[in-house]
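Participant:
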Amino acid sequence: SGSGSDGGRRIRAAAAQCGAWVREAEGSLRRAVASMLAESFAAFTLYPLDTVKLRCQLRLPTSLNSSRQMIPRITQLYSGVASAALVAAPVAAVFATVYHSTKRRLRELVPLEQFGFVTAIAAGAAGTAMSSLVDTPFRLCRELVQCGACSSAGAAWRQVFGSGSAGRRHLSSAYRADLMSSLPFDALEFATYEHLSRLLGKARGGRELTAGELLAVGALTGALVGAVTSPLSVLRARMASQPLRYTGIRQSLRLIFREEGPRGLFSGVSASVAREALNSGVFFFALEGFNSMLSVEGERKKNAESSSVVAF
Numbered sequence: 019s020g021s022g023s024d025g026g027r028r029i030r031a032a033a034a035q036c037g038a039w040v041r042e043a044e045g046s047l048r049r050a051v052a053s054m055l056a057e058s059f060a061a062f063t064l065y066p067l068d069t070v071k072l073r074c075q076l077r078l079p080t081s082l083n084s085s086r087q088m089i090p091r092i093t094q095l096y097s098g099v100a101s102a103a104l105v106a107a108p109v110a111a112v113f114a115t116v117y118h119s120t121k122r123r124l125r126e127l128v129p130l131e132q133f134g135f136v137t138a139i140a141a142g143a144a145g146t147a148m149s150s151l152v153d154t155p156f157r158l159c160r161e162l163v164q165c166g167a168c169s170s171a172g173a174a175w176r177q178v179f180g181s182g183s184a185g186r187r188h189l190s191s192a193y194r195a196d197l198m199s200s201l202p203f204d205a206l207e208f209a210t211y212e213h214l215s216r217l218l219g220k221a222r223g224g225r226e227l228t229a230g231e232l233l234a235v236g237a238l239t240g241a242l243v244g245a246v247t248s249p250l251s252v253l254r255a256r257m258a259s260q261p262l263r264y265t266g267i268r269q270s271l272r273l274i275f276r277e278e279g280p281r282g283l284f285s286g287v288s289a290s291v292a293r294e295a296l297n298s299g300v301f302f303f304a305l306e307g308f309n310s311m312l313s314v315e316g317e318r319k320k321n322a323e324s325s326s327v328v329a330f
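Mapping the sequence shown onto this note's numbering, position 303 (from 1) lands on 321, and the numbers just tick up by one.
And the structure:
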C-alpha cells in the first residue's frame, strides 16, 4: 500500500514537472513568435527613418533638393527594406529566447524585487550578445546600401564575404561596433520599458495599461535610451560603414574629436532620438498586442481540447 502510494506520488510529480516544462516551452515559443512579428513590423514601418538616422550620423546628404531627385531619393530610403524586415524576425526570436530564459534564471538566483532592473539589464546584454551573431552580417550589408556605398544588398554581401581577409576584418570590426552600440541600448531598453510599465501600472491602481499608454511608455523608453546611447551609435555607424577610416574605438574617438569636436559624437542625435522613440513605441505596442492575441488563441485551443476530452 505504501509502495503504491509512493509510486503514485512520483508519477503525479513527474506529470506536474512535464506540465511545467510544456507550459514553459509554450510561453517561450509565444514570446519568440510575438517578438518576431513585432520586430519585423517595426523594421518595415520605420525603415526610412532608420536610413535618415544613419546618413545623418555619417554626415551624408539627406534632403530632397529638387522634384527631379525626389523619386530616386525616396526609393533609396527604402533600399534593402525587404531583407531588413525578414532578418529582423530570427534576430528577435534569438533575443527573446535568451532574454526571457536568462532573466528567469537570474531571478531564481536573486529573487529580491529591488534587483529586478539589474537582472533585466544583464538578461538584455546576454540576449544582444547572442542575437548580434545573427544580426551583424545582415545589418552591415543593409547599412552599406543605406549609406550609398553599395547599390544593392547582393553587392554589399559580395563586398563583405567575397573580399577575403579584408571582408573578414570588416565583419569583425562591425561585430565589435555592433556590440558596443546595441548591447547597452537593448539591455537598457527592455529593462527601462518593464520598469516604467510597472510604475505606471502601480500608479493606475494595478489595472492593465491601455494601448495608448503602452505606446507612450515605449516611445518614452526609446527616446531616453536613444539619447543616452547616441554617441555609441555614431561610433558604431562610422566603424561599420567606413572601416578603413575608423579602425578602432580609440582611434575613431580621436578622429571625431579632432575633426568635428565633441558635437561629432552627437551627429544625428535628433534623428536618432526620433527614430528610437518611434521604433520602441511601435515595437512594444505591437509586441504586447501580438502577445495578447497569441495568448487568447492558446487559451481558446486549450478550452476546445478540454471540451473534446470531456465530451469523449
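Glycine included, C-beta positions come from ideal geometry on N, C-alpha and C.
1. Are the region 292-309 and the region 55-67 in contact at 8 Å, needing three or more beta carbon pairs?
2. Let me know the secondary structure DSSP gives Val178 once reduced to three states.
3. Cα-Cα, which of Glu161, Leu262, Ala143, Arg276 is closest to Leu124?
4. At the level of alpha carbons, what is the spacing between Arg256 and Glu126?
5. With 16 other CB atoms within 10 Å as the buried threshold, where does Pro155 fall?
6. Compute the Euclidean distance between the alpha carbons of Val235 and Leu76, then round it to the nearest angstrom.
7. What three-state label does DSSP hand Arg13 in the structure shown?
8. Using a Cβ distance threshold of 8 Å, determine whether the region 237-246 contacts the region 204-215, with at least three qualifying pairs required.
9. I need the DSSP call for Thr115, collapsed to helix, strand or coil.
10. Under the rule that 16 or more other beta-carbon atoms within 10 Å means buried, what is Phe275, buried or exposed?
11. Just the C-alpha distance for Gly299 and Leu233, rounded to the nearest angstrom, thanks.
12. Closest to Val112 by CA distance: which of Glu231, Ser150, Leu253, Ser199 is it?
13. Throw me the rounded Cβ distance for the Arg176 and Ser101 pair, which I believe falls under 8 Å.
14. Cβ atoms of Val243 and Glu207: under 8 Å apart, would you say?
15. Could you check where the alpha helix (DSSP H) with Gln269 kicks off and where it finishes?
16. Compute the Euclidean distance between the alpha carbons of Ala192 and Ser46, then round it to the nearest angstrom.
17. Could you check what DSSP says for Ser53 in three-state terms: helix, strand or coil?
18. Please report the residue range of the alpha helix (DSSP H) in which Arg160 lies.
Facilitator: Looking at the atomic coordinates:
1. yes
2. helix
3. Ala143
4. 40 Å
5. buried
6. 30 Å
7. Examination of residue 13 is not possible in this model, given that the chain is present from 19 through 330 alone.
8. yes
9. helix
10. exposed
11. 5 Å
12. Ser150
13. The pair is not a contact, with the Cβ atoms about 14 Å apart (cut-off 8 Å).
14. yes
15. 267-278
16. 30 Å
17. helix
18. 134-164
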